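Numbering (the numbering used here), first residue to last: 1478 to 1865.
Next comes the structure, spelled out in structure tokens:
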């Protein structure tokens, strides 16, 4: 029992000695590497000033992209892993009790100052005050950044709600040219998160040069999920457009012909208000769906005027307005043989029978056919254009 107690005490003492030795070696190593006469965090960490410092980028984005159509702003979360080789932070682990990795405060060593252009607010990618960097014995430095960003995304809304948007931005270091610092993309991809209203269909990350500086360019291609808009806008709109020509099938004597036409006319105003609340007012393109609704509204206004005219014709008769062309709208023309004994024999006299209601009915039939054909053509053009 006494032997066991002695072994436990000895093991504890040895463990404490190892921990103390490792801690002291970390302090000694940190002091040796970052002494003021040896290391300056403002100077690019290369032994040869003509050598290019390579900044490796591992970039991940969230597929839950939010796109504000009115402001034309894309919001998303990003995870950025930056690695580079600091040639001044190299040591032999055997000289420091096997210490091969140090975790240091980011302000104690050189780090790139990055800016994300196209950002709505502050473009600088600031490092949190409590952020740490890891340094291994070969001088490899690793810095991890998590940030949320709102970037400009100029939208093409012509094919709403089947539109595809391309949003892009680039990250650049403002202080060094491409010969002093360059980016290299090692990996990029999505995080494991559910997608939002927008589906990411394509991504692209590459290194470029702008203003004689190396840049990391990132591009997202987004496709809108149209199901919600099909149910709430497209289906009711097509149904309303189909009902519009039917006003000419309502008898003029019913008293509801004009009121139904006016109701359909006002419904297009509601559709336009809904669309204008979704789409940006300053977009460089015009929505085909908005043009379609406007065209239907103009046609509905014309239909309403025609309904008023037809009701008036049914009331007072066409011959009182256009006596010269009244015969064109007659439904029946009879040739009656009038044979008068001793006066007329074998002569034919044209006898015209016309009614006010017959004229209005024929006008309704003609206009129903023309307006139905026009609505079908307009609807087919719209949906072929936005779905292609």
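All C-beta atoms, glycine included, are put in the ideal place defined by N, C-alpha and C. Because the structure is a prediction, the values reported are computed rather than measured.
Residue i versus the options, residue with shortest Cα-Cα distance
| i | options | result |
| --- | --- | --- |
| residue 1779 | 1753, 1735 and 1763 | 1735 |
| residue 1788 | 1643, 1576, 1835 and 1560 | 1835 |
| residue 1561 | 1672, 1666, 1529 and 1785 | 1529 |
| residue 1773 | 1729, 1751 and 1722 | 1722 |
| residue 1841 | 1729, 1740, 1688 and 1777 | 1729 |
| residue 1681 | 1660, 1518, 1670 and 1644 | 1644 |
| residue 1684 | 1838, 1864, 1535 and 1501 | 1535 |
| residue 1518 | 1748, 1531, 1847 and 1586 | 1586 |
| residue 1850 | 1668, 1718, 1731 and 1522 | 1718 |
Inter-residue CB distance, residue i and residue j (contact presumed, cutoff 8 Å)
| i | j | result |
| --- | --- | --- |
| residue 1769 | residue 1859 | 4 Å |
| residue 1704 | residue 1678 | Residue 1704 to residue 1678, Cβ: 16 Å. No contact. |
| residue 1712 | residue 1856 | Between residue 1856 and residue 1712 the Cβ distance is about 12 Å, and since that is not below 8 Å, they are no contact. |
| residue 1720 | residue 1783 | About 16 Å; that fails the 8 Å criterion. |
Helix, strand or coil at residue i [DSSP, three-state]
| i | result |
| --- | --- |
| residue 1575 | coil |
| residue 1667 | strand |
| residue 1721 | helix |
| residue 1597 | coil |
| residue 1565 | coil |
| residue 1821 | Unreliable placement is indicated for residue 1821, whose pLDDT of 44 sits below 50; no coordinate value is reported for it. |
| residue 1614 | coil |
| residue 1732 | coil |
| residue 1835 | helix |
| residue 1586 | coil |
| residue 1602 | coil |
| residue 1815 | With a pLDDT of 40 at residue 1815, under the threshold of 50, the modelled position of that residue is not reliable, and no figure is offered here. |
| residue 1791 | helix |
| residue 1849 | helix |
| residue 1864 | helix |
| residue 1621 | strand |
Residue i at chain B interface by Cβ criterion, 8 Å
| i | result |
| --- | --- |
| residue 1690 | This model lacks chain B altogether, as it is built from one protein chain only. |
Unbroken stretches of the beta strand (DSSP E), 3 residues or longer, contained in the region 1493-1541: 1530-1538
Ordered list of beta strand (DSSP E) runs contained in the region 1632-1662, each at least 3 residues: 1641-1650, all fully within the region 1632-1662.
At least three beta-carbon pairs within less than 8 Å, the region 1587-1600 to the region 1648-1664: yes
Cβ contact check for the region 1549-1565 and the region 1618-1635: 3 or more pairs under 8 Å: yes
Uninterrupted beta strand (DSSP E) stretches inside the region 1734-1780 (no shorter than 3 residues): none
Three or more C-beta pairs below 8 Å linking the region 1679-1695 and the region 1561-1571: no
Beta strand (DSSP E) runs contained entirely in the region 1686-1722, provided each spans 3 or more residues: 1690-1701
Three or more C-beta pairs below 8 Å linking the region 1544-1551 and the region 1501-1514: These segments do not touch.
Segment contact flag, the region 1534-1544 with the region 1581-1588, C-beta cutoff 8 Å, min 3 pairs: no
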